[in-house]
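Inspection log for the structure reproduced underneath, given as structure tokens.
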Amino acid sequence: MSEYFRNIKTGAVTIATGLGITLKHFFNAVHRKGDAGVDDVDYFRQVDGLVTLQYPREVIPTPKNGRYRLYNAIEDCIGCGQCERACPISCITIETIKVAQDDMALCGKTSDGQQKKFWVPVFDIDVAKCMTCGMCTTVCPTECLVHTPVSDFSEFDRSNMLYHFGNLTRLEAESKRNKLAEIQAKAQAEKERKAAEAAVAAAQAPTQEEPKSDGE
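Residue numbers for the sequence shown follow this note's numbering, so the first one is 1 and each next one is one higher.
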């Protein structure tokens, strides 16, 4: 019988303790707890208070060194493709077109003065697949591919998570491809013409007589 009442007492004390803690936090939850991030040295020293964020009007501060949504500054991209090759899940797709010699000035240079030699009509990043490992940003020679602080980029339609950073429209890209093909065709024709002329000249050149021996 004594065990029965002891259990009742233990249960009542346990409930009272829990309700006491709840009541304490209830009266303290009239002010914001603070906005210190988890990387802040004072994060665990903040006083008790409201901890629930009124999302999306309020968001948790993201760390400065956090890796979130990718962004490519296409004006600095040289189309080397190193990021595409480094990506372990192939979420980056790149297509390039070699810049014609008379288009070098139009294509421009990067912010550090490097001449760009490729148009990049397609630079797509499927952020739905990206696991933010950072390998693509590490190998980028011009540092144009970076992680941004944007941590929430959810969409109702998955196709909206395919980000396009190309610097040419479809018509412009087709025009550049045709121009490059014409230049390459002319260069190949000129090469073949010179080779044919050299072959004709070699055939028409007089052959040198072989020297005769003294016994002949």
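C-beta atoms are modelled at their ideal positions from N, C-alpha and C, and glycine is treated no differently.
Taking residue i as part of the beta strand (DSSP E), name the residues at either end of that continuous run.
i           : result
residue 125 : 118-126
residue 145 : 145-147
Does DSSP put residue i in a helix, in a strand, or in coil?
i           : result
residue 129 : coil
residue 72  : strand
residue 53  : coil
residue 204 : helix
residue 194 : helix
residue 114 : coil
For the alpha helix (DSSP H) that residue i lies in, which residues bound it at each end?
i           : result
residue 96  : Here residue 96 belongs to no alpha helix (DSSP H); instead the beta strand (DSSP E) covers 92-98.
residue 28  : 2-28
residue 139 : 135-139
residue 84  : 82-86
Grab me the residues of residue i's own chain with a C-beta within less than 6 Å of its C-beta, minus the 5 sequence neighbours each way, in chain order.
i           : result
residue 67  : 132, 134 and 147
residue 84  : 92 and 94
residue 164 : 124
Suppose the cutoff is 8 Å on Cβ atoms and the five residues either side in sequence are ignored; what does the same chain contact list for residue i look like?
i           : result
residue 152 : 56 and 59
residue 177 : 97
Leaving out five residues before and five after residue i in sequence, what residues of the same chain have Cβ atoms less than 7 Å from its Cβ?
i           : result
residue 100 : 179, 180 and 183
Are the segment 87-102 and the segment 121-128 touching, with three or more C-beta to C-beta distances below 8 Å? yes
Pairing CB atoms from the segment 131-146 with CB atoms from the segment 60-78, are three or more of them under 8 Å? yes
Enumerated in chain order, which unbroken segments of the beta strand (DSSP E) with a length of 3 residues or greater are wholly contained in the segment 164-189? none
Does the segment 56-67 come into contact with the segment 104-120, if we say contact requires no fewer than three beta-carbon pairs (one atom in each stretch) closer than 8 Å? no
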